[in-house]
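Undergrad: This is the structure I want to talk about, given as structure tokens.
Protein chains in written order, with the working numbering: chain A, 1 to 237; chain B, 1 to 237.
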């Protein structure tokens, strides 16, 4: 019996990566004025990784990393009006419309009729709450779990807080590294729904997916039927 | 019977405001080089308030607001090396040692023996988790509740998640506006522990404190005894 379904938010329920991809592109154009040749992509990624431990995930940390990269790459020549522009991108990202992935609305409505749902995300709480509110899906969710990392211990904590044992919990998401492998390691079932683009930091070797707890659908539309099947069979291995 | 004690984090368990006050001071000095007269304090505060809805509370939003204020006040003349300095302050704030308020360690240890404790805070999850870990108090806490606002509805949600009715919940904190009044409005008890400094945004008219659910201690040391008394009398009015 499925007693709780955890759903990742960004790029599982709504488009998120395109917001970042678009600003990375504009950032490249902005800096091209200072450094016509500039090998930029790696540098921003390096700064983001370096800052993860301090700034965590989400738009604000991304903006701070872009500003730092701009200062470093231009050796301080970047104009403050351009820095203002970068901050403006952050504000835009935070209030841009929530664009649901195709079929998500129907899938969540169907799931919500059968199971308690929780959103489990590494983003900023304010940002994710506001996206959930604007998505119109909020009423189907029992709650939002904001986590600073998604590892097996964190999933165990979520299950404990909701008094659900691993064999009755299913995690759904687009990241093998964050949503799927650690949930399986914590003894839960996991359903991988690939997203068309994925951030470089998310790419992982895909061994260990031969687990009986691993499931994959190519589209959120297929999720309700998969969970119904799991539920009938009993989710325990 | 007290079944759950909620504790605010910043300036209730550990010093936080001095980190901000110190950077506000350095920010004033930094900008004095561009604007010798500059009436700065109000301006930064205005930008912070304007950004709250987008950036929320916490260090990263504070840093972004300082950068914006610097660009606006200098009409774009601020040098990017100074912007780099401001970002550096943010990183420093996020990894500065957690300085517990006097007596907190003993108080939390005593409370932890009798009641489940949760940290309830508006800060960034990563930042608060890391402070709690560095404080050495983590093992006394059942969990961290990150909330984007502290209003009566949010406290009701916390109590619901922990299956505690308002008359069995006590909230403890240094902010009348965030910790005390909304908890009382949600039907809970609240204990005000004033902090020596408070952010201007936190100041509220102190009417409505004549509630039977309102309690005050002048120091965290006094908290265990107060809760023991409440517990004996029964916390219901």
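No residue lacks a Cβ here, since even glycine has one placed at the ideal position from N, Cα and C.
Assign residue 153 of chain B to one of two classes, buried (16 or more other C-beta atoms within 10 Å of its C-beta) or exposed (fewer than that).
TA: As a position in the second chain, residue 153 of chain B is number 153, starting the count at 1. By the neighbour-count rule (16 or more Cβ atoms within 10 Å), residue 153 of chain B is not buried but exposed.
Undergrad: Between residue 161 of chain A and residue 130 of chain A, what straight-line distance do the alpha-carbon atoms span, to the nearest angstrom?
TA: As a first step, residue 161 of chain A is located in the first chain; it is residue number 161 there, counting from the start. As a first step, residue 130 of chain A is located in the first chain; it is residue number 130 there, counting from the start. So the two alpha carbons sit approximately 23 Å from each other.
Undergrad: Is the Cβ of residue 248 of chain A closer than 8 Å to any Cβ of chain B?
TA: This structure cannot settle anything about residue 248 of chain A, because the visible part of chain A is limited to 1 through 237.
Undergrad: From the DSSP output, which residues share a beta bridge with residue 55 of chain B?
TA: The residue labelled residue 55 of chain B in the question sits at position 55 within the second chain. According to DSSP, which records beta bridges pairwise, residue 55 of chain B is partnered with nothing at all.
Undergrad: Closer than 8 Å is the cut-off here; do at least three beta carbon pairs connect the segment 221–234 of chain B with the segment 105–118 of chain B?
TA: yes
Undergrad: Quick one: is residue 68 of chain B near chain A, going by C-beta distance under 8 Å?
TA: As a first step, residue 68 of chain B is located in the second chain; it is residue number 68 there, counting from the start. Residue 68 of chain B counts as touching chain A.
Undergrad: How many Å lie between residue 163 of chain B and residue 127 of chain A at the Cα?
TA: Numbered from its first residue, the second chain carries residue 163 of chain B at position 163. Numbered from its first residue, the first chain carries residue 127 of chain A at position 127. Looking at the two C-alpha atoms, the distance is approximately 27 Å.
Undergrad: In chain A, which residues lie less than 9 Å from residue 124 of chain B when you measure between Cβ atoms?
TA: Position 124 of the second chain, counting from 1, holds the residue named residue 124 of chain B. The contacting residues are 55, 56, 58, 60, 124, 125 and 148.
Undergrad: State yes or no: is the C-beta of residue 121 of chain A within less than 8 Å of the C-beta of residue 14 of chain A?
TA: To locate residue 121 of chain A, count along the first chain from 1; it is residue 121. To locate residue 14 of chain A, count along the first chain from 1; it is residue 14. It is not a contact, given that the beta carbons lie outside the stated cut-off.
Undergrad: Looking at the strands, I want to know which residues DSSP matches up with residue 189 of chain B.
TA: Within the second chain, numbered from 1, the residue matching residue 189 of chain B stands at position 189. Per DSSP, B:170.
Undergrad: Determine which residues of the segment 75–90 of chain B have a Cβ less than 8 Å from any Cβ of chain A, and write them out in chain order.
TA: Listed by position, the residues of the segment 75–90 of chain B near chain A (Cβ gap below 8 Å) are 76, 77, 78, 79, 80, 81, 83, 84, 87 and 90.
Undergrad: Helix, strand or coil for residue 37 of chain A? Go by DSSP, reduced to three states.
TA: For the purposes of this step, residue 37 of chain A is taken as the residue at position 37 of the first chain. Look at residue 37 of chain A here: in three-state DSSP terms it is coil, with no helix or strand label.
Undergrad: Quick one: Cα of residue 237 of chain A to Cα of residue 196 of chain A, how far?
TA: Residue numbering aside, residue 237 of chain A sits at position 237 when the first chain is read from its first letter. Residue numbering aside, residue 196 of chain A sits at position 196 when the first chain is read from its first letter. Residue confidence is low: residue 237 of chain A scores 48 on pLDDT, short of 50, so the model does not pin down where it sits. No coordinate-derived value is stated.
Undergrad: Taking DSSP as the reference, what is the three-state secondary structure of residue 150 of chain B?
TA: In the second chain, counting from the first residue as 1, residue 150 of chain B sits at position 150. DSSP places residue 150 of chain B in coil when its eight states are reduced to three.
Undergrad: DSSP three-state call for residue 144 of chain A: helix, strand or coil?
TA: What you label residue 144 of chain A is simply residue 144 of the first chain in a count that begins at 1. Residue 144 of chain A falls in the strand class under three-state DSSP.
Undergrad: Give me, in chain order, the residues of the same chain whose beta-carbon lies closer than 6 Å to that of residue 137 of chain A; leave out the 5 immediate sequence neighbours on both sides.
TA: On the first chain, residue 137 of chain A is found 137 positions in, with the first residue counted as 1. Taking C-beta separations shorter than 6 Å and ignoring five residues to either side along the sequence, the partners of residue 137 of chain A in its chain run 108, following chain order.
Undergrad: Looking only at DSSP bridge pairs, what is residue 121 of chain A linked to?
TA: Here residue 121 of chain A is taken as the residue at index 121 of the first chain, counted from 1. Its beta-bridge partners are A:146.
Undergrad: Residue 49 of chain A bridges to which residues according to DSSP?
TA: Position 49 of the first chain, counted from the start, is the residue given in the question as residue 49 of chain A. Beta-bridge pairing links residue 49 of chain A to no other residue.
Undergrad: Given this structure, state the Cα-to-Cα distance separating residue 143 of chain B from residue 118 of chain B, to the nearest angstrom.
TA: Against the second chain, residue 143 of chain B aligns to sequence position 143. Against the second chain, residue 118 of chain B aligns to sequence position 118. Distance between the alpha carbons of residue 143 of chain B and residue 118 of chain B is about 5 Å.
Undergrad: Roughly how far, in whole angstroms, is the beta-carbon of residue 169 of chain A from the beta-carbon of residue 188 of chain A, given that I think they are within contact range, below 8 Å?
TA: Mapped onto the first chain, residue 169 of chain A falls at position 169. Mapped onto the first chain, residue 188 of chain A falls at position 188. Confirmed, Cβ separation roughly 4 Å.
Undergrad: For residue 10 of chain A versus residue 123 of chain A, is the C-beta spacing smaller than 8 Å?
TA: As a working note, residue 10 of chain A is residue 10 in the first chain. As a working note, residue 123 of chain A is residue 123 in the first chain. Yes, the pair counts as a contact, with Cβ atoms nearer than the cut-off.
Undergrad: Does any residue of chain B have a CB that is nearer than 8 Å to the CB of residue 134 of chain A?
TA: Your numbering for residue 134 of chain A matches position 134 in the first chain. It does not; no Cβ of chain B falls within 8 Å.
Undergrad: Please check the pair residue 172 of chain B and residue 158 of chain B, which I expect to be a contact at CB under 8 Å, by giving their CB distance rounded to whole angstroms.
TA: Along the second chain, read from residue 1 onward, the residue named residue 172 of chain B stands at position 172. Along the second chain, read from residue 1 onward, the residue named residue 158 of chain B stands at position 158. Residue 172 of chain B to residue 158 of chain B, Cβ: 13 Å. No contact.
Undergrad: For a minimum of 4 consecutive residues, which ranges assigned as the alpha helix (DSSP H) are wholly contained in the segment 55–136 of chain A?
TA: 59–73, 80–95, 104–114 and 125–135
Undergrad: Identify whether residue 237 of chain B lies in helix, strand or coil by the three-state DSSP scheme.
TA: As a first step, residue 237 of chain B must be located in the second chain, where it is residue number 237. Because the pLDDT at residue 237 of chain B is just 48, under 50, the model does not fix this residue reliably, and the point stays unresolved.
Undergrad: Listing by chain order, which chain B residues have their CB less than 9 Å from the CB of residue 71 of chain A?
TA: One-based indexing of the first chain puts residue 71 of chain A at position 71. Those are 80, 81, 83, 84 and 87, listed as they occur along chain B.
Undergrad: Residues of chain A with CB closer than 7 Å to the CB of residue 177 of chain B, please, in chain order.
TA: Counting from 1 along the second chain, the entry for residue 177 of chain B is found at position 177. Under the 7 Å cutoff, chain A gives no residues; its nearest Cβ is about 18 Å from residue 177 of chain B.
Undergrad: Applying the criterion that 16 or more other CB atoms from any shown protein chain within 10 Å of the CB defines a buried residue, is residue 21 of chain B buried or exposed?
TA: As a first step, residue 21 of chain B must be located in the second chain, where it is residue number 21. Burial call: exposed.
Undergrad: Please state the DSSP three-state secondary structure of residue 11 of chain A.
TA: Here residue 11 of chain A refers to the residue found at position 11 of the first chain. Three-state DSSP puts residue 11 of chain A in coil, outside helix and strand.
Undergrad: Among the residues of its own chain, which have a CB less than 7 Å from the CB of residue 239 of chain A, if the five just before and after it don't count?
TA: Any property of residue 239 of chain A remains undetermined from this structure, which presents chain A solely from 1 to 237.
Undergrad: What are the boundary residues of the beta strand (DSSP E) that includes residue 195 of chain A?
TA: Counted from its first residue, the first chain places residue 195 of chain A at position 195. From DSSP, residue 195 of chain A is part of no beta strand (DSSP E); its letter is neither H nor E.
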